[in-house]
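Undergrad: Supplied in structure tokens, the structure appears directly below.
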Amino acid sequence: MTEDNAQRAQLIKHLEGGLAFASIDSLLDKIPFEKLDIRPEGLPYSFYEVFFHICFAQKDILEYTISGDYQTRDWPDDYWPSKQAPADQKEWESMMADYFEDRRLLKDFIRDPNNDLNKGVVNSKENSLLREFLLVIEHTAYHTGQLVIIQRLLGVYDN
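Numbering (the UniProt record's numbering), first residue to last: 1 to 159.
Structure follows, in structure tokens:
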């Protein structure tokens, strides 16, 4: 395996959950739908709200990185939901599917050796592909920790 391929494989591993933090996959399987809207005492957000934020940020960074028609979003309004929970199970399942599809697109983009990780992204020559991929990883890891805390406070965390 070349050094470039090893670097790409490592990025993908961390995108999927890394080595020092839980994977989103393992947490989504454990949260009951009826607890998605609960804001544990002392916390300003529910599991749903944090996961929505993770999804939105990942999609935003993906579009910023590879889309020629990227539109800047309003911070913080667009990045956080206006409600504490999805309207129904179908909306929740759709959001999870969208998250994993966007993550798959990121992984495919990372795997492609024609994409120079050190080049600027489509919408900015100041920010490299590598920087944006690391941003997704760091942001997801940070908020995954919050999801773990919420699950613990709700009594549904199982490591």
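The beta-carbon is built from N, C-alpha and C at its ideal position, and this holds for glycine as well. The structure displayed is predicted, hence computed values, not measured ones.
1) Quick check: the stretch 82-92 against the stretch 106-117, are at least 3 beta-carbon pairs closer than 8 angstroms?
2) Rounded to whole angstroms, what is the Cα-Cα separation between S128 and Y64?
3) Taking C-beta to C-beta, are D37 and Y45 nearer than 8 angstroms?
4) The beta strand (DSSP E) with K35 in it runs from where to where?
5) I think I66 touches F133, with their Cβ atoms under 8 angstroms apart; what is that distance to the nearest whole Å?
6) Given 8 angstroms as the limit, is there contact between the stretch 69-78 and the stretch 18-38, that is, 3 or more CB pairs closer than that?
TA: On the basis of the supplied data:
1) Taking a contact to require three or more Cβ pairs closer than 8 angstroms, the stretch 106-117 and the stretch 82-92 do not qualify as touching.
2) One C-alpha to the other measures close to 11 angstroms.
3) Taking 8 angstroms as the cut-off, the Cβ atoms of D37 and Y45 do not count as close.
4) No beta strand (DSSP E) holds K35; DSSP gives it neither H nor E.
5) Their Cβ separation, rounded to whole angstroms, is 11 angstroms, which puts I66 and F133 out of contact at 8 angstroms.
6) Taking 8 angstroms as the limit for Cβ pairs, the verdict is that the stretch 18-38 does not touch the stretch 69-78.
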